[in-house]
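Protein chains: 2
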Amino acid sequence: MNVELYMNTLGQKARDASRLVARADTGVKNKALLAMVAALDSSRATLVEANKKDLAHGRENGLDAAMLDRLELNDSTIDGMIEGLRQVVALPDPVGGITDMNYRPSGIQVGKMRVPLGVIGIIYESRPNVTVEAASLCLKSGNATILRGGSEAIHSNQAIAACIRVGLKAAGLPAEAVQVVETTDREAVGQLITMPEFIDVIVPRGGKGLIERISRDAKVPVIKHLDGICHVYIDEQADRAKAVNIALNAKTHRYGTCNTMETLLIHIAIAADILGDLVERYQAAGVELRGCARTCALVPAMINATEDDWSTEYLAPVLSIKIVDDIDAAMSHINRYGSHHTDAIVTENYTLSRRFLREVDSSSVIVNASTRFADGFEYGLGAEIGISTDKIHARGPVGLEGLTSQKYVVLGDGHTRK
Amino acid sequence: MNVELYMNTLGQKARDASRLVARADTGVKNKALLAMVAALDSSRATLVEANKKDLAHGRENGLDAAMLDRLELNDSTIDGMIEGLRQVVALPDPVGGITDMNYRPSGIQVGKMRVPLGVIGIIYESRPNVTVEAASLCLKSGNATILRGGSEAIHSNQAIAACIRVGLKAAGLPAEAVQVVETTDREAVGQLITMPEFIDVIVPRGGKGLIERISRDAKVPVIKHLDGICHVYIDEQADRAKAVNIALNAKTHRYGTCNTMETLLIHIAIAADILGDLVERYQAAGVELRGCARTCALVPAMINATEDDWSTEYLAPVLSIKIVDDIDAAMSHINRYGSHHTDAIVTENYTLSRRFLREVDSSSVIVNASTRFADGFEYGLGAEIGISTDKIHARGPVGLEGLTSQKYVVLGDGHTRK
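Protein sequence lines, in the order shown, are assigned to chains A and B. This note's numbering puts the first residue of the first sequence at 1255, with every later residue one more than the last. This note's numbering puts the first residue of the second sequence at 1255, with every later residue one more than the last.
Here it is in structure tokens:
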């Protein structure tokens, strides 16, 4: 197979289809999404069958239990995909919305209309449900999509793609509105990210290595976050109970998510008082603790944190703890070692909360709540295609609006420039 | 001079300064801008002196009259810079503005706070007044800037830079908040656009060749437009008088601007009626006309347009004219040959105006007004750093808001994820 030619053909078809998707009515897009629901529901046996091939290959190739778990399709994961589609149907359609329409001194009216980006390339790893999730968000936001899943999920993804095509057809939308790459050749990714004439933006989902590689080589914009090194800073004037609850929740609610706290910063004046209780509860939860010198002095038998610990995303029951002298030391630690993802302060002090919100340079800044809230659903976006730690275009959880742009619309009545 | 080292040093200093500029109050930024006004006003002789060197060099190097004209600083151009600064002082400060702050079902409040991008690199050609304009917009939007002007304006730009530094100092802002590159070595541009660790976005202003080169080689996002191939489509149901006025204004108001019409599209049913009058008035204005076959059949002695004409930005008193069968033909011509900059329809038909607004994929779409309105001042942005025809981040005229991003702010009261 000539991968370059194949990907170029996919790209051209996506570009053509994108014009039709961009102007599709909300009702038509919802009809397609609901027809996908019906197709997935009636294809359960086929999906599970295809998935079994992937699982068997996976076992042969020595995938670990966690990866096999993420790869598996069963009634419950198919229910999850269906529920996800129904949620996207329920979301308001951002496309065509006109805002800020005002008269100007010249007499013209100027406003902004929300428009799709065009063609979105999604690159992801093992979980096949991402195929449905990404396709539905791109479709609802009026974009065409090219999806490149992991080679370990190729059969599952193709079976899902067939259901997506059934849905598109039922609504009279072109099949090329959502295309799932059929080759597992790695060169396909290289092509996908270097076709600015066909692809408007790439959204990679996966490990840091994958995303770094894509960002480095891409010739189109990439919406991404590399990692989530999130902090909670417990200020001297923190409410003790809130601080303990938030610090526990931010670490132990889920270990493998990007908005999980990796480093806890504690004001020196409250450290002795709060650490005893916290350490006990972390240890009860099975969290390994690594402390700075001052922390280790207060809590003997704690592991000494190394310089590397401050910039490590553990994604595991491990937490580094540092005692700081004041909010300035906390914020400079966060801005230096953090990944600009999500950082929280626990304080009852009005002025310090205001400073933290303004001065911490992260995509989400939080006062008196767990970092685990940094999420499209919790923020009310309805769903998220990913989280961006960049500042260009979208920042933070990216929902339907992040998959669109705005154009200016001008209404006149024969107006000319003076 | 080691250009790489020099540029890296500039970059590091800009990154450090950007944190201080980001948190500067509106009053402090305005104080700096007004101190720049005073410094420019009291340095008129020095500025004109420095500029004379550039003009002399320019003449030696055979710059044409138009370029020398753009390069010249005199009392009137200095007045213009001062007036521009005063306008930026008057603009509202976008930084820190919080919008969409709402309670979520979990009890947390979520909103978005507008934040600076960080460090902006500006690359531009001969006009030294861009130095003040770009610096002031970046400063007001809380960003640090590195400015790289044309080598032909180096003495003028350094003299202006000195006034900018006086202004920064008077307000207690770091001198590195605005840095003007002191070397004319071309390698400096190559460095500037490949330092993602120090530069967050590049805004190039200049010819298409410069911008294409920068976009191709940059390792950071670029806010740009390549060219402005703008269209006016006169529909069958256009008001004749509005159509003639708009078509004339869009072409003849100014020839060298990116929002000037380059191709006029006319519905076949109105062409014979309107072309006689229009051609006469274009010819009176000295505009050379190049028509499609049907246009030439109606207006004998008109030059035949070639395929190249449809994708040429003349920036001159030249206009290509094409007769089309309907709005679909017009829109497909625009989407194919246009540059997604600014396109207008003249029609009294409600349904067609609505279709044109939705389906034309340009950064500005206009009904019954001249394309010349596509401009930051006319749109009420107060000023513009440039016009973007991209869809990622900013689109259309880019003002202060386009030089910022948004972060999520979350307010809780001890909230944890369930």
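Ideal placement from N, C-alpha and C gives every residue a C-beta, glycine not left out.
Can a CB atom of chain B be found closer than 9 angstroms to the CB of residue i?
i	result
R1277 of chain A	yes
Q1337 of chain A	Note on residue identity: the sequence assigns Glu, not Gln, to residue 1337 of chain A. Answer no: the Cβ-Cβ gap between E1337 of chain A and chain B never drops below 9 angstroms.
K1478 of chain A	no
M1515 of chain A	no
D1347 of chain A	no
L1218 of chain A	The question about residue 1218 of chain A has no answer here: the residues shown for chain A are numbered 1255 through 1672.
R1535 of chain A	no
R1324 of chain A	no
N1622 of chain A	yes
M1556 of chain A	no
V1364 of chain A	yes
R1626 of chain A	yes
I1588 of chain A	no
I1577 of chain A	no
Provide the residue span of the beta strand (DSSP E) that contains residue i, from first to last.
i	result
L1401 of chain B	A1398 to R1402
E1490 of chain B	First-last for E1490 of chain B: undefined, no H or E at that position.
H1587 of chain A	That residue, H1587 of chain A, is in no beta strand (DSSP E); its alpha helix (DSSP H) goes I1581 to Y1591.
I1639 of chain B	Looking at the DSSP string, I1639 of chain B is not in any beta strand (DSSP E), and its letter there is neither H nor E.
G1351 of chain A	Note, G1351 of chain A: premise wrong, no beta strand (DSSP E); not H, not E.
I1599 of chain A	T1596 to V1600
D1667 of chain B	T1658 to H1669
Of the residues the options, which one's Cα is nearest the Cα of residue i?
i	options	result
A1584 of chain A	A:P1571, A:H1594 and A:I1599	A:I1599
G1482 of chain A	A:G1316, A:A1570 and A:D1323	A:A1570
V1343 of chain A	A:N1411, A:V1282 and A:D1454	A:V1282
A1271 of chain B	B:D1318, B:Y1633 and B:L1393	B:L1393
R1649 of chain B	B:T1596, B:A1389 and B:A1523	B:T1596
V1373 of chain B	B:K1267, B:Q1363, B:R1470 and B:I1362	B:K1267
G1365 of chain A	B:P1651, B:G1666, B:L1665 and B:G1668	B:P1651
R1368 of chain B	B:I1362, B:G1361, B:D1347 and B:N1356	B:D1347
C1484 of chain A	A:A1472, A:H1594, A:V1302 and A:T1399	A:H1594
F1452 of chain A	A:T1643, A:L1665, A:S1617 and A:L1264	A:L1264
R1419 of chain B	B:S1565, B:A1286 and B:Q1660	B:A1286
P1458 of chain B	B:G1351, B:M1290, B:G1375 and B:G1653	B:G1375
Do residue i and residue j have their CB atoms nearer than 9 angstroms?
i	j	result
V1621 of chain A	V1663 of chain B	yes
N1678 of chain B	T1670 of chain A	There is no way to answer for residue 1678 of chain B, as the model of chain B reaches only from 1255 to 1672.
L1401 of chain A	A1416 of chain A	no
L1606 of chain A	Q1491 of chain A	yes
G1312 of chain B	E1406 of chain B	yes
I1581 of chain A	H1521 of chain A	yes
N1397 of chain A	M1335 of chain A	no
N1411 of chain B	G1403 of chain B	yes
M1449 of chain A	V1476 of chain A	no
L1480 of chain B	I1465 of chain B	yes
A1388 of chain B	A1278 of chain B	no
D1318 of chain A	I1408 of chain A	no
L1611 of chain B	I1575 of chain B	no
H1647 of chain B	I1646 of chain A	yes
At the 9 angstroms Cβ level, is residue i part of the contact set with chain A, yes or no?
i	result
Y1509 of chain B	no
Y1633 of chain B	yes
E1613 of chain B	yes
D1667 of chain B	yes
K1645 of chain B	yes
Y1662 of chain B	yes
K1496 of chain B	yes
V1619 of chain B	yes
T1448 of chain B	no
R1548 of chain B	no
S1616 of chain B	yes
V1455 of chain B	yes
P1428 of chain B	no
D1531 of chain B	no
In the DSSP assignment, the alpha helix (DSSP H) including residue i goes from what residue to what residue?
i	result
D1270 of chain A	V1257 to A1276
N1284 of chain B	T1280 to S1296
R1419 of chain A	I1408 to A1424
Y1536 of chain B	I1522 to A1538
V1384 of chain B	N1383 to K1394
List the residues of chain C whose Cβ lies closer than 9 angstroms to the Cβ of residue i, in chain order.
i	result
G1650 of chain B	Absent here is chain C; the protein component of the structure consists of chains A and B.
Worksheet item: What residue ranges within the stretch 1430 to 1504 of chain A form continuous alpha helix (DSSP H) runs of no fewer than 4 residues, ordered along the chain?
Response: 1441 to 1446 and 1462 to 1471
Worksheet item: Where are the beta strand (DSSP E) runs, 3 residues long or more, that stay fully inside the stretch 1305 to 1362 of chain A, in chain order?
Response: 1352 to 1357
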